[in-house]
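Top line first, the protein sequences correspond to chains A and B. If you use my numbering, the first sequence corresponds to residues 912 to 1291, in order. If you use my numbering, the second sequence corresponds to residues 566 to 865, in order. One structure is given here, and the rest of the page talks about it.
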Amino acid sequence: MQTEAGELRTKLRAMIDERLPADFVGSFTGDSKDLATAEDFCRQLAEDKLLCMAWPEAYGGQDAGPWLQTIVREEMWAHFEPRGAQYMGVNWVGPVIMRHGTEEQKSEHLPRISAGEVIWCQGFSEPEAGSDLSGLRTTATPDGDGYRINGQKVWTSYASIAGWCFLLARTERNPADLRSGITVFLVKTDSPGFSVRPLDSLVGHMHLNEVFFSDVYVPASQVLGEVGQGWRIVMEVLAYERLGIARYSKCDRLLAEVRTHLGEEWNDVPSGLRERWVRALVRTRQSRLLAYRVVAAQAAGHVDPADVAAYRIAVTVLDQEVSEILTEIVGPKALSPGLTESKLVRAVEDHWRYALAGTVSSGTIEMQRRALARAILAPA
Amino acid sequence: MSSALRRAGGTDLVKRAVTEPTVRTVEIPALLERAGLGDINPYSGDINEIAAAAYACRAAGAVALPFPIVGQLAGAQSALGLVLVSRTQPVVDHVDLMTGWQAVDRFGSRTDVVGAVESARTISAPFAGIAKTTTWSEGEISPVLVYLVLECWSVLGSLESALALSVQHAKDRVQFGSPLSRYQAIQFQIADAYVELGGLEVIVEQAVASYASHGAQSLTDIVAARVAMLEAAEKCLRVAHQIHGAVGFTDEHDLAWLSRHGHIARRSPLGVSGTLAWAAESIERHGFDGLFPVMGAGRE
Ligand SMILES: Cc1cc2nc3c(=O)[nH]c(=O)nc-3n(C[C@H](O)[C@H](O)[C@H](O)COP(=O)(O)OP(=O)(O)OC[C@H]3O[C@@H](n4cnc5c(N)ncnc54)[C@H](O)[C@@H]3O)c2cc1C
């Protein structure tokens, strides 16, 4: 097991070395060549059956199990997620379709995800429905053999480049139980009436968009699971998603690299800052081990949502603290790297911005704390 | 000044400045001129002058004004403007507007800004660049003090706006059937941010008073104020973002710009660890005033 994991890590690193341009710091830089890099890289991973290795062979995977999947997650995030937006299809869209999809849906969608050919976006949040997702208002009304969708989504990452949208819409409204009456639709983004407005933001390019649905027709064959029973699927998605990004792995890598980067100048780093750096190394290790605890439970088939929340709180707080430490160590040039500046400096700037939103995206830290506290304090 | 900025569109100025260069090169300089900024001399020794400069910077910070107003005021004695930089990494916001300015390092040494080195435009600091400088020569410390203290005031202004927006947002935004202001998790964050902000306000007031009465001797007080500014900025902006959720990150929202303003001010010439080390050095030498003052080695 250890060796298999080690081999996989080595293989992925070799592939990253060989396949990624030396200056790659992610695919959402605003430069289209970085998006193309991610596309190529996904295709290569797919060819080697590494993109969805935890999936069953029938769907293009290797039945690899959660540990090897964890290694992939770590290596990808540590190397600026060269899968680009496709990590979402791999991490949660595919697995959820596997569990709830019809045979037809599985054969339509899964091979395309594992072949690295399609980008999905997540149409959950709405202007009125953030933390309180059950407040969503986008409606789906029956029309012939399908449904007409009307409404608006917001913050939809990668919507401008996605081919498909995993959409939540209301097929019924029962004010006494807003969690009922929600249905999952798999929607093609080139459907008439589907439009996207990109939002510039601190987080970076392509991460935030508004999506509008104006009489978008979706055939009934693209309803995932049962009509009106979408909330259960949502809960599963969120559980997958929260373990999804191995934020600690990039912290680990950048904390190590920043020291090498400074070379002799490391000795000039104020001692208070070096102490923070050491503390961050320890915290990074803790976050990784907390993630492993969840993965172990996952491997054994009984994940405790409280453990997931605890991990997620730890890792998002870590990410922000590390982003501050790195920015401090790199110094003012993190704001405006010279054109020949090392990749590390640009990576630090990107990390600072992305970490800022870590305690909001995929469920805010307050919601995680609330869930964790409720689990701990529940009457025995 | 505050009302002049508001009439000119407030934070619309920074949002427009991204695509309209004349906002920074023509509109804002004219506006500051009309507001009488050129008449303020923070070096006059009159506390009212430095206080007027501080208030102008606070008002500018409150709208994340895309202009180096701190440097313009700190340059009142030289021809154009004066900017405080890290000598090894002279990264400066609005460096493109500073040709012909002087740069000082934290010890007061001076050089000329003769242009900008080509650098990448980042999302976190879209107007920042690297200053091209010439040879350095010895200078005095007072411009460093004036620059530092005014920058604290400008960040104070930004944080006040960020918190005001957060309070309003907490009252307006409804989730789970209640405004966010009903949730204790939100109430406590706002309360903590206000403690930080109040603490920042009193210490920057003290720093101005100290500069007015002690001049160059106020270094420790001013560096101490910078320590408070750096910590308050990190905490308050984190709270503001948290309370706003995703909307606060978008460039259409004022918070994203106030946040950038605080982020940039926290990095140069020294971040929090470097500033703490500087404060420690200064306290060792000159002591630290209090009811039971810490004596410094250089004090008789
Ligand atoms: C970078 C990024 C990417 C995203 N990508 C997507 C995406 O692809 N698809 C998608 O659907 N969504 C996406 N989101 C949206 C994300 O899921 C929401 O931002 C998140 O759920 C919070 O909702 P909100 O922003 O509306 O904040 P709100 O829910 O309005 O919360 C504002 C503040 O109030 C607090 N709060 C709310 N209710 C309570 C309570 N009961 N008790 C205490 N505090 C409370 C919150 O914790 C937060 O601090 C993304 C967000 C970000 C930042």
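Positions of the beta carbon are idealized from the N, C-alpha and C atoms, including for glycine. For clarity, every value in this text was computed on a predicted model and none was experimentally measured.
- If you ignore the 5 residues before and after residue 1226 (chain A), its C-beta comes within less than 6 angstroms of the C-beta of 1158, 1159, 1198, all in its own chain and listed in chain order.
- By the neighbour-count definition (other C-beta atoms within 10 Å, threshold 16), residue 1165 (chain A) is a buried residue.
- The stretch 983-994 of chain A makes no contact with the stretch 1135-1149 of chain A: fewer than 3 CB pairs, one atom from each, lie closer than 8 angstroms.
- DSSP links residue 733 (chain B) through a beta bridge to no other residue.
- For residue 768 (chain B), the CB contacts under 6 angstroms within the same chain, skipping 5 residues up- and downstream, are 790, 793 in chain order.
- Under the 10 Å beta carbon count, residue 846 (chain B) is surrounded by fewer than 16 other beta carbons and is classified as exposed.
- Here DSSP, grouped into helix, strand and coil, assigns residue 814 (chain B) to helix.
- Against residue 1048 (chain A), chain B offers no close residue; the least beta-carbon distance is about 13 angstroms (beta-carbon pairs closer than 8 angstroms).
- Chain order gives the chain B residues near residue 1043 (chain A) as 740, 741, where near means a beta carbon separation below 7 angstroms.
- Annotation note: the stretch 1197-1272 of chain A contains the following uninterrupted alpha helix (DSSP H) runs of length 4 or greater, listed N- to C-terminal: 1216-1241, 1254-1267.
- Of the residues B:711, B:654, B:699, the one whose Cα lies closest to the Cα of residue 622 (chain B) is B:711.
- Counting C-beta pairs with one atom in each stretch, the stretch 718-726 of chain B and the stretch 610-628 of chain B have three or more that are closer than 8 angstroms, which means they touch.
- Residue environment analysis places residue 1077 (chain A) among the buried positions, since at least 16 neighbouring C-beta atoms fall within 10 angstroms of its C-beta.
- Distances from the CA of residue 752 (chain B) to each of B:709, B:805, B:772 were compared; the closest alpha carbon is that of B:805.
- Relative to ligand 1, residue 1223 (chain A) has its C-beta separated by 7 angstroms or more from all heavy atoms.
- Against residue 1066 (chain A), the close residues of chain B are 811, in the order they occur along the chain (beta-carbon pairs closer than 7 angstroms).
- In the three-state reduction of the DSSP assignment, residue 1069 (chain A) falls in the coil class, being assigned neither a helical nor a strand state.
- Between residue 798 (chain B) and residue 827 (chain B) a beta carbon distance of about 4 angstroms is seen, short of the 8 angstroms cut, so the two are scored as contacting.
- Among the CB atoms of chain B, none fall inside 8 angstroms of the CB of residue 1092 (chain A).
- For the stretch 757-786 of chain B, no residue has a beta-carbon sitting nearer than 9 angstroms to a beta-carbon of chain A.
- For residue 1125 (chain A), the closest of A:1190, A:1144, A:1058, A:1152 by C-alpha to C-alpha distance is A:1058.
- Separation of residue 645 (chain B) and residue 667 (chain B) (C-alpha to C-alpha, rounded to the nearest whole angstrom) is 8 angstroms.
- Residue pairing by DSSP places residue 681 (chain B) opposite B:696 in a beta bridge.
- Contact of residue 1164 (chain A) with chain B by beta-carbon distance below 8 angstroms is absent, the smallest such distance being about 20 angstroms.
- The beta-bridge partner set that DSSP reports for residue 1111 (chain A) is empty.
- Sequence-distant partners of residue 927 (chain A) (beyond 5 residues in either direction) whose C-beta falls short of 8 angstroms from its own C-beta, in its chain, are 986, 990, 993.
- Interface flag for residue 709 (chain B) against chain A is unset, since no Cβ pair is found closer than 8 angstroms.
- For the pair residue 750 (chain B) and residue 1277 (chain A), the Cα-to-Cα distance works out to about 7 angstroms.
- Distance from the CA atom of residue 922 (chain A) to the CA atom of residue 978 (chain A), rounded to whole angstroms, is 16 angstroms.
- No heavy atom of ligand 1 is found nearer than 7 angstroms to the CB of residue 778 (chain B).
- At least one CB of chain A lies nearer than 8 angstroms to the CB of residue 836 (chain B).
- Distance between residue 1100 (chain A) and residue 1129 (chain A), taken at the CA atoms: about 11 angstroms.
- Residue 694 (chain B) reaches chain A at 1247, counting residues in chain order whose Cβ is nearer than 8 angstroms.
- CA-to-CA, the gap between residue 1230 (chain A) and residue 1162 (chain A) works out to about 7 angstroms.
- Per DSSP, the beta bridge partners of residue 702 (chain B) are B:675.
- Restricted to the stretch 643-667 of chain B, the beta strand (DSSP E) segments that are unbroken, complete and at least 3 residues in length are 647-649, 656-658, listed in chain order.
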